[in-house]
Amino acid sequence: MPFTRKIVRVSKVTKTFQLGKVEVQALKGVDLEIAAGNYISIMGPSGSGKSTLFNMIGGLDKPTSGKVFIDEVDIAQLDAYELAWLRCRKIGYIFQTFNIIQVMTALENVTLPMIFAGMSNDAAVEKGIQLLKLVGLGDRFQHKPFELSGGQQQRVAVARALANDPAIILADEPTGNLDLTTGAEIITLLKRLSQERQVTVISATHDIKMLNVSDQVVWIRDGRIEKIEDREELSISVGQVDIKG
Amino acid sequence: MKQNYIHVPSVKTPQIDRQVVLPFLKSLEISFKNLQVRFFRSLITTMSLVLAVSFLSFVNVSTDVANSLLNTHDISIRQALIRSGYDVSPEDTSVGSSPKQRWIVILSLLVCVVGIVNAQLMAVTERFREIGTMKCLGALDRFILRLFLIEAGMQGLAGASIGAFAGGFFSLLNAFLSFGPIAIATVAWKEIALSVFLAIVIGCSLSLLGVLYPAILAAKMQPVEAMRAEY
Ligand SMILES: Nc1ncnc2c1ncn2[C@@H]1O[C@H](COP(=O)(O)OP(=O)(O)OP(=O)(O)O)[C@@H](O)[C@H]1O
Ligand SMILES: [Mg+2]
Chain A
-18 MPFTRKIVRV SKVTKTFQLG KVEVQALKGV DLEIAAGNYI SIMGPSGSGK STLFNMIGGL
42 DKPTSGKVFI DEVDIAQLDA YELAWLRCRK IGYIFQTFNI IQVMTALENV TLPMIFAGMS
102 NDAAVEKGIQ LLKLVGLGDR FQHKPFELSG GQQQRVAVAR ALANDPAIIL ADEPTGNLDL
162 TTGAEIITLL KRLSQERQVT VISATHDIKM LNVSDQVVWI RDGRIEKIED REELSISVGQ
222 VDIKG
Chain B
28 MKQNYIHVPS VKTPQIDRQV VLPFLKSLEI SFKNLQVRFF RSLITTMSLV LAVSFLSFVN
88 VSTDVANSLL NTHDISIRQA LIRSGYDVSP EDTSVGSSPK QRWIVILSLL VCVVGIVNAQ
148 LMAVTERFRE IGTMKCLGAL DRFILRLFLI EAGMQGLAGA SIGAFAGGFF SLLNAFLSFG
208 PIAIATVAWK EIALSVFLAI VIGCSLSLLG VLYPAILAAK MQPVEAMRAE Y
């Protein structure tokens, strides 16, 4: 990539949780720069701080110290409206537990962020159907979430994350609750979308399958970044991981 | 300062300001569907309101009926009123509800509000994840607040209307059974309509009052907290 814009910049971020009298330091000073259009995987053992970092980048939680920049805008400086706008238009979220709104149909789930963004109902429905077709659920948009399988629900979540053409998709263990094949399908889908739409995908995961499609892998351990590997360096460590696993 | 966001190629994106919106009609639609889907839960929330409001309406309409009966200036009717428990001394030209009745009504309304707060707090807990998800999709605090208020308003309107009409109906039935057809013949319908209307308004207000604290709690919730909530 000749010119790379830094879409996400995390600078000296720490996060401390207060659990009664005990302090848990989930992040102990994380510096990270993510280039636009890349597919990034954040890897690390359970409890290493992946979700915490994910919440910081997504503007869902505030760091104890340090700064997070999205497109060079310090998100701590945003007021409630701008933050909502950021969550609505700039970032699409995908969760391990899908978090499809249970009382709405697949289509309503996908159109909701577009309604928030000010799109008319007709335009939102039209685009919602397109997006559901894109993720392979063209015939299921009137279904309620409980009528869909886990993989299908996660597809709805992907379509919903894409609703307002975000610059970033944040996925916290998107395949964590899926079987191997379905997980692989979701990963392929995310990869395809990142290539076709130049969306930056940032995905926290335990899933080794993720490594094959990642442009960059950030290894995190005990609240610190252990190493950052580009695609070229990857094959070696994947080999190692495979043997260990 | 803030830089221009670079536009990502898209299927179709109309020009939009930097704001998030939820049109009122859409909130109505979402709230209505929510009530539909959680019909039984809303029914339980509304039930205590129906009972309390029907009691209020019953008491008020009964007073109206007694007053119209009193205005007939018929001695035997006056006797009948006294027999059925109204405090009418010879010089009285109107009857009010007794203090004891008033206390019971106020108490039942209080209990009803507490019941609504309780039920709505549970509903909010049940919906933590949904609220958090909406916030991740860009919902503002006041969208959440508005959804809860609209829902409570609709529940209140439905519950209070049913309660008020039921209370009024049973009060008339009761009067008919104890005083005979004259009770219906002398009825001042305007007064009764007013009593029923008042009961509906009070019921709606109580429903909104009861949801206020739970709704503010829900609206103020940070998306992470909501997403983390396990149940
Ligand atoms: N709300 C919280 N209160 C207290 N401690 C927390 C909270 N959230 C996270 N932690 C702690 O912070 C650390 C990092 O947690 P985090 O959820 O980021 O891990 P993770 O890497 O996402 O793990 P997993 O792979 O299991 O999802 C853990 O030790 C956890 O106990
Ligand atoms: Mg996690």
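Here the protein sequences line up with chains A and B, keeping their order.
This note's numbering puts the first sequence at residues -18 to 226.
This note's numbering puts the second sequence at residues 28 to 258.
Note that CB positions come from ideal geometry on N, CA and C, so glycine has one too.
Checklist entry - Can you list, in chain order, the residues of its chain whose CB lies under 7 angstroms from that of Pro250(B), leaving out five sequence neighbours each side? => result Gly159, Lys162 and Cys163
Checklist entry - Under the three-state reduction of DSSP, which class applies to Ala7(A): helix, strand or coil? => result strand
Item to check | As assigned by DSSP and simplified to three states, the class of Arg156(B) | outcome: helix
Next on the checklist: Suppose only complete runs of 3+ residues qualify. What are the beta strand (DSSP E) ranges in the region 14 to 89 of chain A, listed by chain order?
Outcome noted: 20 to 24, 46 to 51 and 72 to 75
Checklist entry - Between which two residues does the alpha helix (DSSP H) carrying Arg202(A) extend? => result Arg202(A) -> not in any alpha helix (DSSP H); beta strand (DSSP E) instead, spanning Gln197 to Arg202.
Item to check | Opening and closing residue of the beta strand (DSSP E) in which Lys(-13)(A) lies | outcome: Lys(-13) to Leu0
Next on the checklist: Quick check on Tyr240(B): buried or exposed, where buried means 16 or more other Cβ atoms within 10 Å of its Cβ?
Outcome noted: exposed
Next on the checklist: If we define contact as Cβ-Cβ less than 8 angstroms, is Pro250(B) a contact residue for chain A?
Outcome noted: yes
Next on the checklist: Taking the beta carbon of Pro126(B) as the centre, do at least 16 other beta carbons fall within 10 Å, making it buried, or is it exposed?
Outcome noted: exposed
Item to check | Simplified DSSP state of Asp103(A), which is helix, strand or coil | outcome: helix
Item to check | Chain-ordered neighbours of Val194(A) on chain B, where CB pairs are closer than 8 angstroms | outcome: Result: empty, since nearest Cβ-Cβ is about 20 angstroms, beyond 8 angstroms.
Next on the checklist: Please confirm whether Glu178(B) has its beta-carbon closer than 8 angstroms to some beta-carbon of chain A.
Outcome noted: no
Checklist entry - Name the residues in the region 146 to 166 of chain B whose C-beta lies less than 8 angstroms from a C-beta of chain A; which are they? => result Arg156, Glu157, Gly159, Thr160, Met161, Lys162, Cys163, Leu164, Gly165 and Ala166
Checklist entry - So which residues of chain A does Arg45(B) contact, with C-beta pairs closer than 9 angstroms? => result Tyr62, Glu63, Trp66 and Arg70
Next on the checklist: Please return the same chain residues whose Cβ sits closer than 6 angstroms to the Cβ of Asp55(A), not counting the five positions on each side in sequence.
Outcome noted: Lys48
Item to check | Proximity winner among Ile38(A), Ala65(A) and Met85(A), relative to Arg121(A) (alpha-carbon distances) | outcome: Met85(A)
Checklist entry - Taking 8 angstroms as the CB-CB cut-off, is Leu8(A) touching chain B? => result no
Next on the checklist: So Gly194(B) and Ser234(B) are supposed to be a Cβ contact under 8 angstroms. How far apart are they, rounded?
Outcome noted: Not quite, the Cβ-Cβ distance comes to about 16 angstroms (not below 8 angstroms), so this is no contact.
Next on the checklist: Going by DSSP in three states, Thr99(B) sits in which element: helix, strand or coil?
Outcome noted: coil
Next on the checklist: Does the distance between the C-beta of Leu174(A) and the nearest non-hydrogen atom of ligand 1 fall short of 7 angstroms?
Outcome noted: no
Checklist entry - Excluding sequence positions up to five away, which residues of its chain have a Cβ less than 7 angstroms from the Cβ of Ile177(B)? => result Ser54, Leu55 and Ser58
Checklist entry - So which residues on chain B does Asp103(A) lean against when the C-beta distance must stay under 9 angstroms? => result Correct list: empty, because the minimum Cβ distance to chain B is about 11 angstroms.
Checklist entry - DSSP three-state call for Ala144(A): helix, strand or coil? => result coil
Checklist entry - What are the start and end residues of the beta strand (DSSP E) that includes Ile150(A)? => result Ile149 to Asp153
Item to check | Cβ-Cβ distance between Arg154(B) and Asn80(A) below 8 angstroms | outcome: no
Checklist entry - Roughly how many angstroms separate the alpha carbons of Ala79(B) and Ala202(B), rounded to a whole number? => result 20 angstroms
Item to check | Local conformation of Glu178(B) per DSSP, three classes | outcome: helix
Checklist entry - Which of helix, strand or coil does DSSP assign to Arg19(B)? => result Residue 19(B) lies beyond the stretch modelled for chain B, which goes from 28 to 258, so this question has no answer here.
Checklist entry - If you measure from the CB of His187(A), is any heavy atom of ligand 1 nearer than 7 angstroms? => result yes
Checklist entry - Within the present structure, is the beta-carbon of Val54(A) separated from the nearest heavy atom of ligand 1 by less than 7 angstroms? => result no
Checklist entry - From this set, Ile82(A), Ile(-12)(A) and Val(-9)(A), which residue's C-alpha is nearest His124(A)'s C-alpha? => result Ile82(A)
Checklist entry - What does a CB cutoff of less than 7 angstroms around Val116(A) pick up in its chain, not counting 5 residues either side in sequence? => result Arg136, Val139, Ala140 and Leu170
Checklist entry - Does ligand 2 have even one heavy atom less than 7 angstroms from the beta-carbon of Lys31(A)? => result yes
Next on the checklist: Taking beta-carbon pairs under 9 angstroms, can you tell me which members of the region 59 to 74 of chain B lie near chain E?
Outcome noted: Structure shown: chain E not included; protein chains present are A and B.
Item to check | Classification of Leu52(B) by the beta-carbon crowding that lies within 10 angstroms, buried from 16 upward | outcome: exposed
Checklist entry - Going along chain B in order, which residues have a C-beta closer than 9 angstroms to the C-beta of Asn36(A)? => result Pro250, Val251 and Met254
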